[in-house]
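**Q**
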Amino acid sequence: MNPVHKKFSRRARVATGGAVLAVVALAGFGAVNANASAPATSSAAATSAAVPARVTTTSTHLTIDAATEAAQAALDAAEKENQRVTVAVVDRNGNTIVTLRGDGAGPQSYESAERKAFTAVSWNAPTSQLTERLQQAPTLKDIPGTLFLAGGVPVTAGNAPIAGIGVAGAPSGALDEKFAQAGAQAVGR
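Per mature numbering (1 follows the signal peptide of the UniProt record, and there is no 0): the sequence shown = residues -36 to -1, 1 to 153.
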């Protein structure tokens, strides 16, 4: 047995061990309590700094109301000619804002309308014009998410694309594009 243990009785060793455990427990509780009451700071907040205006940009986007109005105008134009189409409006980044599927529109029209809108806003040109560019650059059609068929038109503000409108489901791309133009014109009213 250890000579130090011989000096203390069993009762003294138990009492000392209990006291040590109590001190350790209270210290741990105090640390937890202090952490619980201290305000939380994230490392991102601690290292954030004001960014000068020269390193940021501002972009213009359609409101949901304007996008819905444009989509409805395109759908109304199609319905006047008894065409069953789907209309999609995407923002400058190609994200869908609104899609309206007309009564009786084919199942393929939903994705086609979104892809035409995406293509129009990506190149800031009607998709009917872009189909002509394929003759000089046929690999353009390989870019994911694009569809080089007539029926998509860009919506611009200050000559910069802010949205795309795509229509699909009419018997011709020329009709799809005519209805998409009606939607774009509704934004300007």
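Ideal Cβ placement from N, Cα and C applies to all residues, glycine included.
Quick check on V19: does DSSP put it in helix, strand or coil?
**A** Looking at V19 - three-state DSSP - the assignment turns out to be helix.
**Q** With DSSP as the reference, identify every bridge partner of L64, one or two as the case may be.
**A** V51
**Q** Could you say which of K44, T22, T63, A14 lies nearest to A30 if we only look at CA atoms?
**A** T63
**Q** What would DSSP say about G116, mapped onto helix, strand or coil?
**A** strand
**Q** Alpha carbons only, please: which of E33, Q99, N123 is nearest the one belonging to I61?
**A** That would be E33, whose Cα lies nearest to the Cα of I61.
**Q** Roughly how many angstroms separate the alpha carbons of E43 and G137, rounded to a whole number?
**A** 16 angstroms
**Q** Helix, strand or coil for P125? Go by DSSP, reduced to three states.
**A** strand
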